[in-house]
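Everything below concerns the one structure shown next.
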Amino acid sequence: MKRVRAWLLGCTLTLLGAPALAGLQLDLQATGLDRQQIQASQALLDEAMAKLPPRFKQQLDRRVQVSWSEDMPADAYGQASLVSTLQLNRRLLPGLSDGSAATERTGRAHGTVREELLATVLHELTHIYDRA
Numbered sequence: 038m039k040r041v042r043a044w045l046l047g048c049t050l051t052l053l054g055a056p057a058l059a060g061l062q063l064d065l066q067a068t069g070l071d072r073q074q075i076q077a078s079q080a081l082l083d084e085a086m087a088k089l090p091p092r093f094k095q096q097l098d099r100r101v102q103v104s105w106s107e108d109m110p111a112d113a114y115g116q117a118s119l120v121s122t123l124q125l126n127r128r129l130l131p132g133l134s135d136g137s138a139a140t141e142r143t144g145r146a147h148g149t150v151r152e153e154l155l156a157t158v159l160h161e162l163t164h165i166y167d168r169a
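So the sequence shown is residues 38 to 169, counted in the numbering used here.
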């Protein structure tokens, strides 16, 4: 009987703790990407998540699907939908994958293609947050 009570208590605590694990999730849509592209994309998304305040991630409690799109103006880095998708410009993916985006200067505020991509992810997530 003690084992059953201990098990039930453990299950209850797990269920009560589950909401604390909820929050923003960036879900890379990897279809059509090779291993190197997936790794580079995921590293970008992981860095973006690390830069977001905990409260932002907690309050934007949703899964945002992130994909690379060819249907974007050449000068655009990315764009968010109203609620749960973020598209990045696929033209920039090769440089992110081979590492050259980290040193390729843009003449824009953030300096390099990689930093512009990171800023774009963060910026577009704030649009999703504002619409939430």
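Just so it is clear, CB atoms sit at the ideal spot from N, CA and C, and this is done for glycine as well.
Span of the beta strand (DSSP E), counted from its first residue to its last, around residue i
i           : result
residue 125 : 122-126
From the options, residue whose alpha carbon lies closest to that of residue i
i           : options            : result
residue 103 : 168, 94, 63        : 63
residue 115 : 169, 60, 163       : 163
residue 156 : 135, 73, 169, 125  : 125
residue 89  : 151, 74, 60        : 60
residue 113 : 128, 86, 83        : 128
residue 166 : 151, 98, 84, 146   : 98
residue 151 : 161, 160, 144, 136 : 136
Whole-angstrom C-beta distance between residue j and residue i, which should lie under 8 angstroms
i           : j          : result
residue 119 : residue 77 : The Cβ separation is near 27 angstroms, so there is no contact.
Boundaries of the alpha helix (DSSP H) in which residue i is found, first to last residue
i           : result
residue 156 : 150-168
* To do: Let me know the beta strand (DSSP E) ranges lying completely inside the stretch 63-148, each 3 residues or longer, listed in chain order.
  => 100-106, 115-117, 122-126
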